[in-house]
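Below is one structure, written out as structure tokens; comments come after it.
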Amino acid sequence: MITLALVSEGHTDQVVLEKIVELVCSKNNKDVDVNYLQPIRDETDRNKAVFGGFELVFEYCRFGIKSALEANDFIIVQIDTDMGEHVNFGVPLTVYGQDRPDVEIISDTINKVKKEIGTEILSAYGERIIYAVSVHSTESWLIAILKGTNETKNSFERLNRYLHRSNFGAIDKSIKDYRRLSRSIKYNALSGGALISEGLALFITQLEGACRNN
Numbered sequence: 000m001i002t003l004a005l006v007s008e009g010h011t012d013q014v015v016l017e018k019i020v021e022l023v024c025s026k027n028n029k030d031v032d033v034n035y036l037q038p039i040r041d042e043t044d045r046n047k048a049v050f051g052g053f054e055l056v057f058e059y060c061r062f063g064i065k066s067a068l069e070a071n072d073f074i075i076v077q078i079d080t081d082m083g084e085h086v087n088f089g090v091p092l093t094v095y096g097q098d099r100p101d102v103e104i105i106s107d108t109i110n111k112v113k114k115e116i117g118t119e120i121l122s123a124y125g126e127r128i129i130y131a132v133s134v135h136s137t138e139s140w141l142i143a144i145l146k147g148t149n150e151t152k153n154s155f156e157r158l159n160r161y162l163h164r165s166n167f168g169a170i171d172k173s174i175k176d177y178r179r180l181s182r183s184i185k186y187n188a189l190s191g192g193a194l195i196s197e198g199l200a201l202f203i204t205q206l207e208g209a210c211r212n213n
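Pasting the structure below:
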């Protein structure tokens with residue numbers, strides 16, 4: 000049994016991450032216990048989405064992650080890159096009007112998260128931090144998994160158009176709808192999505208390493 004704690008932008012992100020963790024750990028014959036750290040989930044949140052945003056993720060990395068690492072085997076830090084060019088984020092998404100490669104955005108975002116965590120904690124616990132960087136949102140990962148395409152912009156709208164055409168039905172930004180959608184994800188589709196989305200592939204690789212080494 001390993002314990003994984005989630006630090007994410009919002010509750011719907013947690014739902015998607017939890018499903019991926021479940022599939023990957025099950026494939027690797029590893030039992031897992033998932034704890035929600037940011038945002039905290041309780042009974043009042045069960046059927047609504049509460050958004051923490053990237054600034055609250057960074058704040059947790061600065062002030063809460065050490066105690067979380069002392070209580071859990073691994074911490075997953077999830078962040079979307081859609082707000083990368085915000086002054087408090089500082090990761091350019093374009094260069095001279097052209098989209099930067101996903102791999103560069105992911106690398107710069109991980110470095111930004113590491114900066115917020117700090118060198119002291121990274122030196123002591125760095126191998127126990129798993130980075131889930133979605134370009135530009137977790138809905139982009141869902142499109143890669145379910146549709147098999149890399150669509151990083153306006154991903155929620157694009158996902159809903161695909162779900163409508165596939166007769167699944169449109170979803171809202173609610174825990175209930177994201178749970179319903181996540182239940183439809185199978186491991187083979189997840190593996191296929193990892194061939195398309197570099198951020199998803201990196202996340203799965205880190206999870207597999209955590210399962211093998213514990």
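Numbering (numbering that gives the first Met the number 0), first residue to last: 0 to 213.
Glycine residues also receive a C-beta, built at the ideal position from the N, C-alpha and C atoms.
Flag this pair as yes or no: are the beta carbons of residue i and residue j separated by less than 8 Å?
| i | j | result |
| --- | --- | --- |
| residue 37 | residue 59 | yes |
| residue 217 | residue 154 | The requested residue 217 does not occur in the structure, where the chain is confined to residues 0 to 213. |
| residue 6 | residue 20 | no |
| residue 133 | residue 80 | yes |
| residue 23 | residue 207 | yes |
| residue 56 | residue 8 | yes |
| residue 172 | residue 161 | no |
| residue 209 | residue 144 | no |
| residue 90 | residue 83 | yes |
Going by CA-CA distance only, name the one from the options that's closest to residue i.
| i | options | result |
| --- | --- | --- |
| residue 66 | 93, 124, 14, 130 | 124 |
| residue 12 | 192, 118, 75 | 75 |
| residue 2 | 137, 100, 152, 69 | 69 |
| residue 140 | 172, 82, 84, 192 | 192 |
| residue 205 | 187, 52, 170, 126 | 126 |
| residue 10 | 28, 52, 0 | 52 |
| residue 87 | 114, 189, 71, 28 | 114 |
| residue 26 | 186, 200, 61 | 186 |
| residue 151 | 100, 201, 174 | 100 |
| residue 33 | 15, 14, 203, 4 | 4 |
| residue 61 | 98, 35, 119, 182 | 119 |
| residue 29 | 14, 54, 0, 35 | 0 |
| residue 201 | 35, 54, 104 | 104 |
Pull up the CB-CB distance for residue i and residue j, whole angstroms please, since I reckon it's below 8 Å.
| i | j | result |
| --- | --- | --- |
| residue 130 | residue 102 | Between residue 102 and residue 130 the Cβ distance is about 13 Å, and since that is not below 8 Å, they are no contact. |
| residue 39 | residue 116 | Incorrect: roughly 20 Å between the Cβ atoms, too far for contact. |
| residue 121 | residue 138 | Actually they do not touch by this definition, with Cβ atoms about 30 Å apart. |
| residue 148 | residue 195 | 7 Å |
| residue 142 | residue 14 | Actually they do not touch by this definition, with Cβ atoms about 16 Å apart. |
| residue 213 | residue 72 | 6 Å |
Got a sec, what are the start and stop residues for the alpha helix (DSSP H) residue i sits in?
| i | result |
| --- | --- |
| residue 74 | Element bounds for residue 74: not the alpha helix (DSSP H) but the beta strand (DSSP E), 73 to 79. |
| residue 181 | 174 to 181 |
| residue 101 | 101 to 116 |
| residue 20 | 10 to 26 |
| residue 67 | 64 to 70 |
| residue 154 | 154 to 164 |
| residue 139 | 137 to 145 |
| residue 129 | Note, residue 129: premise wrong, no alpha helix (DSSP H); beta strand (DSSP E) at 128 to 133. |
| residue 35 | Element bounds for residue 35: not the alpha helix (DSSP H) but the beta strand (DSSP E), 31 to 37. |
| residue 95 | Unbroken run through residue 95: none, as it is neither H nor E. |
| residue 191 | 186 to 193 |
Considering residue i, what are the terminal residues of the beta strand (DSSP E) in which it resides?
| i | result |
| --- | --- |
| residue 2 | 1 to 6 |
Could one say the Cβ of residue i lies closer than 8 Å to chain C's Cβ atoms, at least one of them?
| i | result |
| --- | --- |
| residue 137 | The structure shown contains no chain C, having only a single protein chain. |
Would you say the beta carbon of residue i comes nearer than 7 Å to a heavy atom of the ligand ZN?
| i | result |
| --- | --- |
| residue 68 | Among the components modelled here there is no ligand, and therefore nothing to report on the ligand ZN. |
Open item on the list: Three or more C-beta pairs under 8 Å: does that hold for the segment 177 to 184 against the segment 94 to 110?
Closed with: The segment 177 to 184, when compared against the segment 94 to 110, does not touch it at the 8 Å Cβ threshold.
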